[in-house]
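In the numbering used here, the protein residues as written are 6 to 86.
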């Protein structure tokens, strides 16, 4: 899951074709990149949790069970902290 700014021209071309025919992959990629930004941000835990909650809502709206398992894992670990 490399960020777009690191793609070669050939990779960019292939991804554009892939995303054109499989929009769910484009949405999943966007969510993964957004999650990466949250983890890399130098923000307070409270602010990060707020962003995570918004991310959770987007994941639920997407309706992809793979990401829902990620949410479950995060929430389980958050309760243990």
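From the three backbone atoms N, C-alpha and C, an ideal C-beta is built for every residue, glycine too.
- Taking residue 60 as the centre and dropping the five residues before and after it, the same chain places the C-beta of 36, 39, 40 and 43 closer than 8 Å to its C-beta, in chain order.
- Judged by DSSP in its simplified three-state form, residue 7 adopts coil rather than helix or strand.
- The beta carbon of residue 56 sits closer than 6 Å to those of 43, all from its chain and outside the five residues before and after it, given in chain order.
- A straight-line Cα-Cα distance of about 31 Å links residue 15 and residue 66.
- Nearest neighbour of residue 32 by Cα position, chosen from 81, 63 and 82, turns out to be 63.
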